[in-house]
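In this note's numbering, the protein residues as written are 1 to 149.
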């Protein structure tokens, strides 16, 4: 069997098996995705998994989607991008999303965003009915850098 991760690698690596992080969309442009990915790349054992939870945001009147930034940051940190899972928050009934009049999270923000769109004669913002779950793995063993002081 030619596995990239062997029992020997796992036994002696001493790193974390799993790191779970949540990244707010408004932080996706300030290097937060890079910091999370670099931290995980250093802390995960070979075969360890990084899971990043995120979602799109429209409360500023413009759609912000941090998914691409998170995937790029993970790949730049030499993590292997495995999967993009969509976690749906809205029930499906008769093959259609069953949307209540007001979505339970961020209803006040949603109303402000809809008001801004009406005043500016823009399309109404989308409702958030899902979150993105991004999964990476650590294919390499990282050795701690020697302190040269």
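C-beta: ideal position from N, C-alpha, C; glycine also. All values reported here derive from a predicted model rather than from experimental measurement.
For the beta strand (DSSP E) containing residue i, name the first residue and the last one.
i	result
residue 62	Run containing residue 62: none; DSSP gives neither H nor E here.
residue 132	130-137
residue 84	80-88
residue 18	16-22
Spatial neighbours of residue i within its chain, please: C-beta separation below 6 Å, excluding the five flanking residues on both sides.
i	result
residue 36	21
residue 38	77
residue 51	20 and 135
residue 71	81
When burial is assigned at 16 or more other CB atoms within 10 Å of the CB, is residue i buried or exposed?
i	result
residue 25	buried
residue 134	buried
residue 94	exposed
residue 23	buried
residue 18	exposed
Does the Cβ-Cβ distance between residue i and residue j come in under 9 Å?
i	j	result
residue 66	residue 27	yes
residue 49	residue 82	yes
residue 69	residue 33	yes
residue 46	residue 74	no
residue 80	residue 137	yes
residue 84	residue 130	no
residue 122	residue 116	yes
Span of the alpha helix (DSSP H) holding residue i?
i	result
residue 153	In this structure the chain extends from 1 to 149, so residue 153 is not present and cannot be described.
Apart from the five residues just before and just after residue i, which ones in its own chain have a Cβ nearer than 7 Å to its Cβ?
i	result
residue 41	77, 78, 79, 138 and 142
residue 140	46 and 78
Can you find the residues in the same chain that come closer than 8 Å, C-beta to C-beta, to residue i, ignoring five residues on each side of it along the sequence?
i	result
residue 99	90, 127 and 129
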